[in-house]
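Residue numbers (the working numbering): 76 to 1187. Heads up, the thing below is written out as structure tokens.
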């Protein structure tokens, strides 16, 4: 509720005008608007009661005084408005376009009845409905304005009085507020009879005028004139109407003095003639996520979260922290994560000698593997200058290549389509066919809270500068249409498009589909220039270069051949990786086997002697056994007969028996002795066999090690440093080894990189062939998609039809960007998990609530950001957040000032590390996901300062020696000591600033290679004024406005009176602000401020020690 959206800044060249009494409104005669394009007319959105957003925070700080320490930030800028509405080309109100600012209403409620009232923020919807009825009465001529006061001043100074209602009487005063309800009830007792009489007279006049207006409308329709649709007002709105209603509304909300909503603006856009009387349903003023949060909350009650959102919403207490792998403490897990088998087949067309470094490739591999197995959330920590966009481009290339793998299985590309959906608009019938599941799920959306972040990504990716020079001749994918999206700039491929708000969507359809370029006119406006190179012309055969016949089988053959080449190379490198993995243990096994074999080898002669002796004993005892057996046999043969036994009285038999038993015992003794000898022989032979086996095993181990070493040696001869050394991934490596490891690009030799790049380019050619081979189907699908994107499709479309239209657009343009502010409007009609991939850029700047609606619509999400750079922008003071949180029973961990979307995702990450941080809950460490570690932007000392104060040495300096920097030999601190200050602005620092800037420009610094920033808005405003005419206004601002920007030279103007310790203490509370400030400078940094005052502040003391002090 306290998060209003900004209204457009006044820019006549972009058709955004200030409303002034001396100027005609854009729909009135004489307004300075260029003629609309053929088939189009102008439509106008009016923002009434424009106010500075920072005034909202002033009121909240007053209502919650304990939050005063938060006031030094000054990052919440821009303007919002009390209300907005849209009028058609004739100035007639589109009745469903009226919106009121819940923030402005809540500001008034903060004053009265105030936060102490339990239901102080209840009732906005009813109030908005009441106010809307007043506005509709004015637009229908049932109310009128009297008493406008011409002259200088804002709207409130010249506002007249709204008088009405024609049926029951009543007066609404622009100066005094509502004296009675327009509908129902009697006049207040305070209203005098004179006022009653005047009101009743005015009411009768209004009735007559309203009847006349209705009759005129009917006559116009009968006479063939332009009839008035039911949802459109009956009379054109005027400046007097806008001023009077603004004054009345400000008084009604009770914000006249607090917000001073004393201005209005009009933004004019071109719409199709048949859409002139239709508005795009969107609330321009209020929190852009409120409706989405309501929608998702309702879905959650039905168990419809989706896997990405379900993961994101996991309670912290339920996060499995035991599965975390710290990539700094256990670098071996990174080694495993970058094995060739995990590297995606496709690669972005960057230079083959500039592949992703270790941490980038690890992040790409892990997120594709984990989210490929199971939808969910993955987080990447991206400190400044570590290549977040570079990493993201490789992910995009990988996903496009994956879809091409699925497409290549089709013998007939028409087999990719499923069900058909049809709808009819006012002029056309649209038909769109769904994609079957194997070909969907690859949709990519880049979203951010920061408009500059998403614009930079999606404007950069199609541009010719996004690919290496070596690929310029081979890389081409709808390049003419990509150039149109960039308004004629050199482009190589329509890989990404900037969508989001209505203006961007209109620009996209006009350029990419219809082939119209923007061109400045001599009057400062813009006009469209037809090129006949839009995708419409290409697919319909109406352009300068009609699409020729497409050989789908040839496109599949080329892609399949390139894929096999990559797979063969990947497998070859995987074998080397497995050899490397095996080599160290094999060497240890060989050493152990050799040690044991050496020990037993010395005993072999003795064992052999013992074996010979045992063998002799066995033979001797065996002979004795045979002899004993023979003697017993002979004795047995000589056994006395019965008669002899009788004549000797049995003595002969007894004597024979005794001898027989003696001989049997002898046989047994000999047999036992012989068996024992054989056992001893077997034992000795066993020892000999064991010794020989150990020697043989050692020889086998030696042979295996030699084979592995040969495999690795040959690989290193071919692929050089791209074959990693496992020893570099040991946990106890020194800093120099760790830096070498982090700057390496394992398995990314130029041959493999080139093959992967060519496969990606063949994947794009296959997509292009699909467009041609499916002919009329994709043409119709994309026609429908353009209606959906442009907001021209019926609002009653089934979600399946909307999804089908988006699927075809994403098949053609794989990635689109939007801010969270426009996300729900851009993807209106899509439901749970209807989109494939969400990439949240600068997620550290997004409050935890911002991506919820996007996550609900997405299966897989990657959040990229840094909790140690700028944090979410929150208007509401901390204590006010706590009051609302407790009122709505929300857990502390979801407070916008407590955390960010990045931190919510980071806590879920399995792969990451811990960094020092001062968290609101008292924790001194924060877990960050999959950190990118090689910094390639800043020279020292900027890199070292950032690395020391924020990252605990996590980053590695990857900037090559760039030589001397002519305009400024070194970075320094210009020590300015003065007790003269205006607020936080120190005029003496301003003089030093001007002197430094002039010297830099004299020394040849390009003007677009300088940024001037300050922690404080007060200082930034004064700095901009002091540099007026010298430095462009957009290159001077607060640290918060500089996030995502960089320049060769950055000047930080610190400001603050020597006694203003509170301001300095606030700036130094966390490392975030200084981290962002210093990391904007690529080559040199100048700090202007009181060295002594700032030296004692946390984090700034590191900066002060690193910079040479200069005083004059």
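All C-beta atoms in this analysis are idealised placements derived from N, C-alpha and C, irrespective of residue type, glycine included. Computed from a predicted structure; not experimentally measured.
Would you mind working out which of the options sits nearest residue i, comparing C-alpha positions?
i            : options                : result
residue 654  : 514, 177, 428, 790     : 790
residue 539  : 565, 559, 516, 518     : 565
residue 881  : 911, 137, 894          : 911
residue 695  : 751, 583, 312          : 751
residue 913  : 951, 849, 451, 1067    : 451
residue 1220 : 774, 1139, 809         : The shown model of the chain, from 76 to 1187, leaves out residue 1220, and the question about it has no answer.
residue 1016 : 956, 948, 1026, 1182   : 1182
residue 531  : 571, 580, 611          : 571
residue 937  : 628, 1113, 470, 1137   : 470
residue 316  : 1097, 122, 935, 754    : 122
residue 1138 : 1067, 1166, 1059, 1184 : 1059
residue 604  : 112, 1184, 900         : 112
residue 173  : 181, 120, 133          : 120
residue 828  : 644, 997, 990, 731     : 644
residue 389  : 1121, 1129, 976        : 976
residue 732  : 744, 716, 722          : 716
Which value, in whole angstroms, describes the spacing of the CA atoms of residue i and residue j?
i            : j            : result
residue 204  : residue 82   : 22 Å
residue 95   : residue 171  : 25 Å
residue 800  : residue 1026 : 26 Å
residue 221  : residue 213  : 12 Å
residue 831  : residue 420  : 6 Å
residue 782  : residue 440  : 29 Å
residue 403  : residue 821  : 17 Å
residue 320  : residue 326  : 10 Å
residue 1069 : residue 973  : 39 Å
residue 1178 : residue 1187 : 20 Å
residue 847  : residue 1174 : 59 Å
residue 940  : residue 179  : 32 Å
residue 1078 : residue 1123 : 13 Å
residue 580  : residue 925  : 21 Å
residue 475  : residue 515  : 11 Å
Report the three-state DSSP secondary structure of residue i (helix, strand or coil).
i            : result
residue 92   : strand
residue 665  : helix
residue 1003 : strand
residue 591  : strand
residue 792  : helix
residue 930  : helix
residue 881  : helix
residue 413  : coil
residue 993  : coil
residue 910  : strand
residue 245  : Low confidence applies to residue 245: its pLDDT is 42, below 50, so where it sits in the model is not reliable, and the reading given next is rough at best. Three-state result, residue 245: coil.
residue 363  : coil
Who are the Cβ neighbours of residue i in its own chain at under 6 Å, not counting the five residues just before and after it?
i           : result
residue 248 : Unreliable positioning characterises residue 248 in this predicted model, as indicated by a pLDDT of 39, which lies under 50. The coordinate reading is nonetheless provided below. Counting only Cβ-Cβ distances below 6 Å, and skipping sequence neighbours, we find 236.
residue 372 : none
Near residue i, what residues of its chain come up, given a Cβ to Cβ distance below 8 Å and the 5 sequence neighbours on each side ignored?
i          : result
residue 85 : 91, 92, 93, 340
Pull up the DSSP beta-bridge partners for residue i, would you.
i            : result
residue 938  : 454, 915
residue 123  : 158, 339
residue 1057 : 1060
residue 344  : 118
residue 893  : 522
residue 1049 : 1163, 1185
residue 602  : 594
residue 401  : 987
residue 236  : 221
Go through its chain and collect everything with a Cβ distance to residue i's Cβ below 7 Å, but skip five positions before and after it.
i            : result
residue 958  : 190
residue 188  : 195
residue 1145 : 993
Any chance the CB of residue i is under 7 Å from a heavy atom of the ligand PLP?
i           : result
residue 400 : Only the bare structure without any ligand can be found here, which leaves the ligand PLP out of the picture.
For chain C, find out if any of its Cβ atoms is closer than 8 Å to the Cβ of residue i; answer yes or no.
i           : result
residue 203 : Structure shown: chain C not included; a single protein chain is present.
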